Each structure stands twice: as C-alpha cells, then as structure tokens.
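K.L.:
Numbering-wise, UniProt numbering puts 27 at position 27 of the sequence shown, and it's gapless, one number per residue. Below is one structure. I have some questions about it.
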Amino acid sequence: MKKMIGIVLASSMLMGTACKKYLTEDVVSSVSYQLYTTEKGIEGALVSAYNTLRQGVTSERKLTLSDAGTDLFTLGSDGNAAFNQYLATLSSLEGKLTDFWDYHYKGISECNVIMTYLPKVPIADARKAVIEGEAKFLRALYYFDLVQQYGNIPLVLESFDKVKTDFKRAPVKDVYEAIIADLKFAFENLPATATAQGRCNKAAAAHLLSKVYLTRGSAVSPEQRNIRGTQTTDLDDAITYAGKIVNKELGTFSLVADFAKLWDINNQVNSEVIFAVQFTTTQLNNGSGNQQHLYHVPQYDAINTRILARSIEYGRPYRRVRPTPFVYDGLFGATRKYDSRFVKSFVWGYIANKAATGIVTTAGNTINVAVGDTALYFSPIIYATPAALADAVQEHKRFALFYPQNTYAPVTMNNIFPGLRKWLDPTRPTTNETNGSRDWVIFRYAETLLILAEAYGRKGEFDKAVPLINQVRERAAYKENEAKTIQYWTFEGGSYADRTKSTVVDMRITESDINTDFVDFMLDERGRELLGELSRWEDLVRCEKLKERVEKYNPDAQNIRDYHNLRPIPQTHIDRLDPRGPIEEEQNIGYY
C-alpha cells in the first residue's frame, strides 16, 4: 500500500451550514513532508483527515455497504443487484468495495502522517495532545468501519516515505485492541467542547468507545468471541462510556422533542448530534457534496407527468434502495398506530406542482387538477399481500393509492415506494443538482441510549434497560394535541375522538416485553429509530443475525450465504502485494 503523499491543504474544508466556527484554508501549490513540521501543515493534515470522511456519502459507498441487502432495505429499480441480492458479482472486483477500502486507508494514512510529524511541530504540548486525540479518534473510526466489513485487514499505525507493498492482514482481535487504545487516548485528551463544529470531543470518543465495546461484546458463538477477542468486561465498558454521556458528565445532550425536527435541514446543529460530518451550501467548499438525498427517492415523477414534475422538495429519484415489506408490516406492524416515526420517516403524499384539465379516472370521470391538489398518495396501511387485487383496492392493503386517477399499484414495485425523508435536501439550487449540503450525522444521542440499554440487557439487567429504551420510544410517540393521520381512525382501529391524544403510554414497554427475545427486540428498535442511517448491515453482523434476518425478511436476497458476513478483500489491494501469500491468506473465504 502506497502512502498518500498528496494531503492537499487546498482540499474542501469542514464547513457546515450552521457552523459557529469555521476552519480556514490556504491554497498551497506544492506539498513536501517538511510542511508537516509546521503548525499550518499539521493543522491542514488534520482537516484533510476529517475531510476524507465525506467520501462515504459523496457517492453511494456507505449506503451500499451498510444498508443494501439487509432486512430493512432491498433493491430499487436503479440499485446495485450484487449487494442487494448477494449475487456472484459481489466479488473482489466490485468497484464499490475498492472505493470503500481506498478512502478509509487514505484517511488512516493522513492520521498516521499527523502522528509521525506532530512531535516536530513547534506548538504547545496541550495543543499537540488535542491534535493527536483527534487523529486517533479518526483513525479508530476508519478502522472500525473496515474491520466490521472485511474482517482481518492490514493494521497500519505508522506512515511511510517510500512505497510499501508487503502488508499482512492483522487478526480482527488485534484491530479491535488498536481501535480501543486509540479511543482511550482520544477520550483522555480531547476537550469536552469541540474546538469547531464538526470536530470530535470527549463525548464523540465515549460514544464510539461504547459502540466498539458493545460490538466486541455482542459476539455469542465461541468462534466469533475468539475472532473479535471478546472480553468479559466489554459490556461493562460499554456501559461506562455510554453512561458518561447519558449521565451528563460530557455535556447536556438530549433528545430533540419531535422526531420530525431531526430531519429539518435548518435544525442540523441540535441537542442530539454528538458527531457529524459537515457539508455546506457553498459548493466551492463542498466537494461532491452529500449525495444521500438521491438514493431513497421513488420515481414519483413518472406516475403522471401532467401534474407531478421532479422538484427540489421531493428530490432527484435515483431509487438505489427501497424498504422491504418487513419495514411496513413487521418492523412497525405492532407500533405504527402509536409510533410517529412510521409517518415521520417517510414521504407519504406528493402534491401536484402542475395544473391539468381533462384527466380521465379509472371510473370514467373527467376531472381537473390544480396546483396543490394531491398527485400521489401512499396508504401507510400495509398488511400481508391480499389474495386478489380487488380485495387490496377495497381495503387499501399493501397498495399505493394514486390520485386523482384512483388507480392502484403494489408498494413492492421497485421504483414506486414511500421515500425516506431523512436525507432529503431542499437547499439544492436546482432539481437535478446532486451536490447536497446536509450534514452526515454519524453519532446521535438516541443511539447512545440504545447502546447503553443493549449493554444492560445483554447482562440480563432488564430493569435498567427498560427506562432507557422508553426514553427513545416516548419521544417517538404522538404527543398530546398532535394530530395523527387519517389512517389512525379509518384503518388502524383508532378512535376519531382520540386523534389528538398522546400515545406516550402506549409506546412504553416493560421487562416482560424484552426478556425473552432481547437481541431481536433491540435490532427492531434500532431499525425503527435509525432506519436508513447507514449502520444496519454492521448491526446484523455484530449480532450474528445477518443471514437469519435477511432470509426471513428480505425476499429479494435469498442468495445470502454464511460467508457473506464479510466482504471480499478488493482485488486491487491483493494485486499490489509483493510478496503475496496464498489466496486463502489474502482473501476471505467464499470469494476464491
């Protein structure tokens, strides 16, 4: 692997749409290693290490490796079939695997350069400790992504000034030890308050530490416990570090009161965000931008082009993935009557943005449509597939309802489905602009609560897990005087008189709700809360549930095999090795 020499200080800086303090940049025409012995050079290298994180969402890299082909998401009409359906083309030649591998090792290389040259920089020791803490936090984050995806990987903890090609893969347990060591240093040396929006702090390090410990401690089988190097103290350590955040030792993080407000692009800097990758509406400083707004959008503009055209509000429909039927009738099946996340996570209705006359409905009536009328509406009432279309039309089951034609089409169509709201970006200047400005929230407080709850539950301390889970679920409930959708009283069995009543009590759980099938309950709760937030594949793998739940809930991905709990090592990496070991040493089983 070649050291990334070109750490260009003129790269896009971390500038958020609501940042309180921004980093500045200088254009540098050439870079030598001597630059890294200066304050300007080392600070620029650190910014570059942050900036490389953006590459996860400047294309569909992170989406494809973390959400596609899971129990919650499957193939959209323009998606990657190899990942969504576990085809034979999911091989070491797949370009997205190479891209993911390369940008992570680029970030690691940038962090290693910082730690190599930092001792030579003439700045105060206190500032050096913070810079090293930031670099080690970022290196740990990059390695945590890699080890979950690929298993045994090269563990590179130093920089090189010459080409190096003799990398050996380190055991997973050694990678976890290195990650934990980096994060412990980061936690001890980072400030409680980040020096700028988008920088890490103690809470970010604590959150990631708790997640790493939980991941290592989630192993159940003896084989996985040995592979990960699971320790008997892992769950206690997860509780310690997550507890520091929940107990307000590291700041006053709290849940945003309304789940919908989390996705308001004007509310990106809020009480729930622990660590986010920054983007900006200034496209000169935005690189390729956050492109996640593209991938969960249905082909709404193909339903009736006379009344509904592509818009900035509804997004550009790349439709890479779509929710599995399980999301509608299983994940939210028992709670959607009371759980506002079901309504607030998706776009259920599309409003006509063009007027038209003389539209003939399926009943033979001729109608006119004005701007502002309903053009497309999905009925969020989705049960088992009806035996006959007539029954489905009558009962509005598992079918999308298109107005004004009053025709029906199955929600399971791979180009027409309720679009995920979380990534939509109304700040784009044009309807076809792919360069988005929404921040990528990697860690938020709701997940901290769920990490802490899961760690307690895995220890059998359900009495401590329940209040934490209930905090998340109570936030998801409808509050007093908050209007529910019409389906509440027309299809879900709710009373019209209760349409503005609180469902907080209905959303609460007790110990008896979780003590018999705790891991699956937590996977479901994480799915309801973190749907589409780029962590699902890793959750299923760490719980040793990937194949089981994909086979059970994703009908498009029945090719999945046991070995798919790891990705193939990119062929481009193997081809660079010299000397190269036998294929079983360099490649994961199942891919050779």
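For glycine and all other residues, C-beta sits at the position ideal for the given N, C-alpha and C. Predicted model, so just to flag it, every value in this text is computed and none were measured.
If you draw a straight line from the C-alpha of Asp517 to the C-alpha of Phe83, how long is it?
P.N.:
Here residue 517 corresponds to residue number 517 of the sequence shown, with the count starting at 1. Here residue 83 corresponds to residue number 83 of the sequence shown, with the count starting at 1. Cα to Cα, the separation comes out at about 29 Å.
K.L.:
Could you pull out every residue in the same chain whose Cβ sits closer than 7 Å to the Cβ of Pro317, ignoring the five residues on either side in sequence?
P.N.:
Within the sequence shown, residue 317 is the residue found at index 317, counting from 1. Only Val297, Pro298, Gln299, Tyr300 and Asp301 meet the Cβ criterion.
K.L.:
Skipping 5 residues on each side, what residues in its chain have a beta carbon closer than 7 Å to that of Tyr36?
P.N.:
Here residue 36 refers to the residue found at position 36 when the sequence shown is read from its first residue. Correct list, in chain order: Ile42, Ala45, Val113 and Tyr117.
K.L.:
From which residue to which residue does the beta strand (DSSP E) around Val504 run?
P.N.:
Taking the sequence shown and counting its residues from 1, the one referred to as residue 504 is at position 504. Segment Val504 to Met507 is the alpha helix (DSSP H) holding Val504; no beta strand (DSSP E) there.
K.L.:
Helix, strand or coil: which one does DSSP assign to Ala356?
P.N.:
By one-based count along the sequence shown, residue 356 stands at place 356. Here DSSP, grouped into helix, strand and coil, assigns Ala356 to strand.
K.L.:
Hey, how far is the Cα of Ala384 from the Cα of Tyr553?
P.N.:
As a working mapping, residue 384 is identified with position 384 in the sequence shown. As a working mapping, residue 553 is identified with position 553 in the sequence shown. At Ala384 the pLDDT is 37, less than 50, meaning the model places this residue with poor confidence; the figure from the coordinates comes in the next sentence. So the two alpha carbons sit approximately 13 Å from each other.
K.L.:
How would you write the range of the beta strand (DSSP E) that Ile265 sits in, first residue to last?
P.N.:
The residue labelled residue 265 in the question sits at position 265 within the sequence shown. Careful: Ile265 lies outside any beta strand (DSSP E) and carries neither H nor E.
K.L.:
Using the C-alpha atoms, what's the distance from Asp373 back to Val360?
P.N.:
Position 360 of the sequence shown holds residue 360. Position 373 of the sequence shown holds residue 373. Using only the alpha carbons, I get a separation of about 16 Å.
K.L.:
So the alpha helix (DSSP H) Trp423 belongs to, where does it begin and stop?
P.N.:
In the sequence shown, residue 423 corresponds to position 423, counting from 1. Unbroken run through Trp423: none, as it is neither H nor E.
K.L.:
Verify whether the separation of the beta carbon atoms of Lys96 and Arg61 is less than 7 Å.
P.N.:
Residue mapping note: residue 96 aligns to position 96 of the sequence shown, counting from 1. Residue mapping note: residue 61 aligns to position 61 of the sequence shown, counting from 1. A contact, by the Cβ cut-off of 7 Å.
K.L.:
Leaving aside the five residues before and after Asp578 along the sequence, list all residues of the same chain whose C-beta is less than 6 Å from its C-beta, in chain order.
P.N.:
Here residue 578 refers to the residue found at position 578 when the sequence shown is read from its first residue. Cβ neighbours of Asp578 beyond the five flanking positions: Thr165.
K.L.:
Mind checking residue 593: buried by the 16 CB within 10 Å criterion, or exposed?
P.N.:
Here the chain comprises residues numbered 1 to 592, so residue 593 is not present and cannot be evaluated.
K.L.:
Around the Cβ of Ile153, are there at least 16 other Cβ atoms within 10 angstroms (buried) or fewer (exposed)?
P.N.:
The residue you call residue 153 lines up with position 153 of the sequence shown. Buried, by the Cβ-count rule.
K.L.:
Grab me the residues of Pro191's own chain with a C-beta within less than 8 Å of its C-beta, minus the 5 sequence neighbours each way, in chain order.
P.N.:
To locate residue 191, count along the sequence shown from 1; it is residue 191. Cβ neighbours of Pro191 beyond the five flanking positions: Val130, Asn201 and Lys202.
K.L.:
Which of the three DSSP states, helix, strand or coil, is assigned to Leu452?
P.N.:
For the purposes of this step, residue 452 is taken as residue 452 along the sequence shown, with counting starting at 1. Note: Leu452 maps to helix in three-state DSSP.
K.L.:
Let me make sure I understand the geometry here. Which of Glu454, Ser254 and Ala477 has the alpha-carbon closest to that of Val343?
P.N.:
On the sequence shown, residue 343 is found 343 positions in, with the first residue counted as 1. Comparing Cα-Cα distances from Val343 to each of Glu454, Ser254 and Ala477, the minimum goes to Ala477.
K.L.:
Within 8 Å, do at least three Cβ pairs link the region 542 to 552 to the region 458 to 471?
P.N.:
no
K.L.:
Quick one: what's Leu235 bridged to in DSSP?
P.N.:
Position 235 of the sequence shown, counting from 1, holds the residue named residue 235. In the DSSP output, where bridge partners are listed per residue, Leu235 has none listed.
K.L.:
In angstroms, rounded to a whole number, what distance separates the CA positions of Gly151 and Ser495?
P.N.:
To locate residue 151, count along the sequence shown from 1; it is residue 151. To locate residue 495, count along the sequence shown from 1; it is residue 495. Each residue's Cα considered, the two are about 51 Å apart.
K.L.:
If I measure Cβ to Cβ from Pro171 and keep anything under 7 Å in the same chain, skipping five residues before and after, which residues do I get?
P.N.:
For this step, residue 171 is matched to residue 171 along the sequence shown. Contacts found: Asn152.
K.L.:
Is Gln283 closer than 7 Å to Asn435 when the C-beta atoms are compared?
P.N.:
By 1-based counting over the sequence shown, the position of residue 435 is 435. By 1-based counting over the sequence shown, the position of residue 283 is 283. In this structure, Gln283 lies closer than 7 Å to Asn435 by Cβ.
K.L.:
Run through the DSSP bridge pairs and tell me what Pro119 is partnered with.
P.N.:
For the purposes of this step, residue 119 is taken as residue 119 along the sequence shown, with counting starting at 1. According to DSSP, which records beta bridges pairwise, Pro119 is partnered with nothing at all.
K.L.:
Expressed to the nearest angstrom, what Euclidean distance is found between the alpha-carbon atoms of Asn247 and Val121?
P.N.:
Walking along the sequence shown from the start, residue 247 turns up at place 247. Walking along the sequence shown from the start, residue 121 turns up at place 121. Note on geometry: alpha-carbon atoms of Asn247 and Val121 lie some 37 Å from one another.
K.L.:
Are there 16 or more other CB atoms within 10 angstroms of the CB of Glu223, so buried, or fewer, so exposed?
P.N.:
Working through the sequence shown from its first residue, we reach residue 223 at position 223. When all chains shown are included, Glu223 counts as exposed.
K.L.:
Do Ser210 and Ile583 have their beta-carbon atoms positioned less than 7 Å apart in this structure?
P.N.:
Counting from one through the sequence shown, the residue named residue 583 turns up at place 583. Counting from one through the sequence shown, the residue named residue 210 turns up at place 210. In this structure, Ser210 does not lie closer than 7 Å to Ile583 by Cβ.
K.L.:
In chain order, what residues of the same chain lie with their CB nearer than 6 Å to the CB of Arg473, ignoring the 5 residues before and after it?
P.N.:
The count along the sequence shown starts at 1 and reaches residue 473 at position 473. If we look at Arg473 and ignore the five residues flanking it on each side, its Cβ neighbours are Met507.
K.L.:
Just the Cα atoms here: how many angstroms apart are Trp101 and Leu566?
P.N.:
Within the sequence shown, residue 101 is the residue found at index 101, counting from 1. Within the sequence shown, residue 566 is the residue found at index 566, counting from 1. Looking at the two C-alpha atoms, the distance is approximately 13 Å.
K.L.:
Just verifying my parser: in three-state terms, what is the DSSP assignment at Pro579?
P.N.:
As a first step, residue 579 is located in the sequence shown; it is residue number 579 there, counting from the start. Looking at Pro579 - three-state DSSP - the assignment turns out to be coil, as it is neither helix nor strand.
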